[in-house]
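In what follows, a single structure is set out as structure tokens and then discussed.
Residue numbers (this note's numbering): 102 to 680.
Structure representation (structure tokens):
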């Protein structure tokens with residue numbers, strides 16, 4: 102695993118978990134109260150009602166009131182999370198209230214119970230601000246429910262001075278929570294002028310109900326870019342037209358948020374069968390919103406105007422340099438290049454690398470459609486950046502492809518296309534487009550460009566799928582769209598990871614065979630669409646965010662501990678003053 106910020110950002114997912122069902126949490130809360138009642142009864146009648154009255158009932162009140170009170174602010178918290186939060190605060194309250202009592206005696210219990218209620222308010226406010234609504238003023242009342250019930254019961258069980266003391270502690274621990282929230286928010290506020298807790302709210306809302314409010318957050322940190330998109334328009338008199346397009350933006354960050362479903366939306370934006378390959382772009386070029394895809398579709402549609410078509414193409418050739426292999430084929434005076442490093446890791450290429458390759462290629466060709474096949478995942482690693490050894494290999498291989506393709510003879514050609522739906526789900530690594538195949542035939546030589554709607558391919562699977570395609574054509578490449586609809590939290594869900602390759606093979610073979618049977622004479626027109634003012638995450642934003650969040654996590658725990666210790670000391674000071 103490479104020590105990049107991309108990997109470290111992936112590592113933050115270890116802090117996520119699913120809350121157990123609310124009946125289970127409530128059952129534990131009730132049983133805990135009854136156990137305390139039993140222990141108190143054995144110790145003496147004075148403690149008899151404490152378990153159920155002091156701990157279980159406040160937890161039940163908080164469980165019932167928190168979700169509707171949170172909904173008043175326009176946000177939500179699930180019943181499962183509400184029950185888990187009530188249980189966690191109950192357990193914490195039991196530890197704080199009863200553990201010291203076993204040593205110091207019963208007389209200390211009211212004071213410790215009051216401190217526990219203050220700590221409960223602090224914890225609940227922190228959690229609700231993090232998971233439900235970052236606006237603290239709107240979460241004060243839902244956070245106070247468990248403590249409020251405890252205060253009412255404590256005022257009845259203990260002496261009249263209890264209520265005053267515990268209210269003072271609510272203020273002390275409430276200020277502690279506000280201070281911690283300010284410290285947590287400060288790094289992202291200073292660095293990006295956004296609320297980190299707001300991002301956490303929207304991320305949890307996305308996982309819970311598919312909310313797209315994260316797009317508002319991304320738009321705040323985003324910046325506009327101008328990126329090229331090269332398209333090959335195949336026209337056939339005897340069959341359906343075909344569009345092969347290569348956008349140089351990234352289909353992320355996750356699920357349907359941002360550009361996560363870019364391939365499907367672009368596919369549905371054009372009348373002909375459309376293959377949306379993966380260009381050169383990293384997570385810095387994630388679209389901030391699905392609406393940005395409309396700008397790309399309009400630019401591609403605009404590039405159709407004034408197209409000149411050619412009825413000739415070259416036979417496919419394959420060139421290599423170092424670990425990089427490229428399948429090249431000329432279409433008129435345009436060049437299609439599909440690159441891979443499989444069986445070595447084939448990951449995102451920085452946009453600058455693609456721009457260099459396309460610029461150099463324009464010296465000999467009218468357009469250069471450069472595809473990152475994105476077809477070998479060995480782990481969630483960093484992208485390929487300019488001036489690295491791997492980047493140099495890509496450039497060397499591309500230059501070799503330019504030299505080899507420039508003098509290739511051109512002949513009349515035919516293309517065939519197919520689109521196969523597969524029974525696999527997003528959770529199994531397959532997007533909604535399934536498998537597409539474009540087969541070309543020039544002078545009896547056939548090449549298959551197989552495109553799977555997924556995010557990369559498990560190591561070794563590309564070779565097995567390609568071997569199946571090669572049973573019916575002379576050369577082939579397996580590509581993925583890099584759709585991030587298959588990723589909601591983790592970036593690791595490649596084709597062949599959840600579904601055995603044996604179950605995928607029939608659909609690859611079917612796609613190739615149907616494309617071969619669909620072969621018909623074709624003409625091709627190539628164009629570069631400049632997608633202007635497209636808002637993406639921005640240069641190095643992902644790595645900067647990851648660095649900031651990781652730094653925050655490293656100091657929050659010790660800082661929180663010190664502040665809570667200070668709060669406990671203030672609690673005892675308040676106890677002495679109020680006596």
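Virtual Cβ for every residue (Gly too), placed ideally from N, Cα, C.
> Whose C-beta lies closer than 8 angstroms to the C-beta of residue 530 among residues of the same chain, with five residues either side of it excluded?
Replying inline: 555, 556, 587, 594, 595, 596, 597, 598, 599 and 600
>> Closest to residue 507 by C-alpha separation, out of 559, 532, 465 and 478, would be which residue?
In response: Ranked by Cα distance from residue 507, the options 559, 532, 465 and 478 are led by 465.
>> Given this structure, state the Cα-to-Cα distance separating residue 146 from residue 181, to the nearest angstrom.
In response: Note that residue 146 scores 49 on pLDDT, short of 50, meaning its location in the model is unreliable and no value can be drawn from it.
>> In whole angstroms, give me the CA-to-CA distance for residue 296 and residue 303.
In response: Straight-line spacing of the CA atoms in residue 296 and residue 303 works out to 11 angstroms.
> Under 7 angstroms between the Cβ atoms of residue 441 and residue 474?
Replying inline: Against a cut-off of 7 angstroms, the Cβ pair of residue 474 and residue 441 comes out as a contact.
>> Among 167, 394, 160 and 329, whose alpha-carbon lies nearest the alpha-carbon of residue 469?
In response: 329
> For residue 451 versus residue 383, is the C-beta distance shorter than 7 angstroms?
Replying inline: yes
> Applying the criterion that 16 or more other CB atoms from any shown protein chain within 10 Å of the CB defines a buried residue, is residue 572 buried or exposed?
Replying inline: exposed
> In angstroms, rounded to a whole number, what distance separates the CA positions of residue 291 and residue 283?
Replying inline: 12 angstroms
>> Closest to residue 532 by C-alpha separation, out of 540, 542, 521 and 539, would be which residue?
In response: 521
> In three-state DSSP terms, what is residue 211?
Replying inline: The answer is helix: DSSP assigns residue 211 an H, G or I state.
> Would the beta-carbon of residue 619 fall within 7 angstroms of that of residue 517?
Replying inline: yes
> Relative to the C-alpha of residue 346, which residue among 364, 185, 128 and 199 is closest?
Replying inline: Residue 364 holds the alpha-carbon nearest to the alpha-carbon of residue 346 among 364, 185, 128 and 199.
>> Here's the rule: buried if 16 or more other CB atoms are within 10 angstroms of the residue's CB, otherwise exposed. What is residue 626?
In response: buried
> Can you check whether the CB of residue 230 is closer than 7 angstroms to the CB of residue 217?
Replying inline: no
> On the three-state DSSP scale, how would you describe residue 464?
Replying inline: coil
> Hey, residue 157 and residue 131 are a contact pair by Cβ (cut 8 angstroms); roughly how many whole angstroms apart?
Replying inline: 6 angstroms between Cβ atoms; contact.
> How big is the Cα-Cα spacing for residue 126 and residue 166?
Replying inline: When rounded, the distance between both Cα atoms is 16 angstroms.
>> Out of 606, 565, 624 and 503, which one is the CA nearest neighbour of residue 541?
In response: 624
> Should residue 509 and residue 431 be called a contact, given that it needs their Cβ atoms to be closer than 7 angstroms?
Replying inline: The answer is yes: Cβ separation under 7 angstroms.
>> How far does the alpha helix (DSSP H) with residue 608 in it extend, from its first residue to its last?
In response: 602–618
> Mind checking residue 580: buried by the 16 CB within 10 Å criterion, or exposed?
Replying inline: By the Cβ neighbour-count rule, residue 580 is buried, with 16 or more other Cβ atoms within 10 Å of its own.
>> Please state the DSSP three-state secondary structure of residue 375.
In response: strand
> When DSSP labels each residue in this structure, what does residue 524 get in the three-state scheme?
Replying inline: coil
>> According to DSSP, residue 257 sits in a beta bridge with which residue or residues?
In response: Beta-bridge annotation (DSSP): residue 257 is not paired with any residue.
> Using the rule of at least 16 other Cβ atoms within 10 Å of the residue's Cβ for burial, across every protein chain shown, is residue 663 buried or exposed?
Replying inline: exposed
>> Which residue marks the beginning of the beta strand (DSSP E) containing residue 235, and which one marks its end?
In response: That residue, residue 235, is in no beta strand (DSSP E); it is neither H nor E in DSSP.
> Start and end of the beta strand (DSSP E) containing residue 427?
Replying inline: 425–432
> residue 327: buried (16+ other C-beta within 10 angstroms of its C-beta) or exposed?
Replying inline: exposed
> Would the beta-carbon of residue 319 fall within 7 angstroms of that of residue 389?
Replying inline: In this structure, residue 389 lies closer than 7 angstroms to residue 319 by Cβ.
>> Taking the beta carbon of residue 631 as the centre, do at least 16 other beta carbons fall within 10 Å, making it buried, or is it exposed?
In response: exposed
>> Pull the bridge partners of residue 411 from the DSSP assignment, please.
In response: 625
> Can residue 380 and residue 411 be called in contact, C-beta distance under 7 angstroms?
Replying inline: Contact check for residue 380 against residue 411 fails: the beta carbons are separated by 7 angstroms or more.
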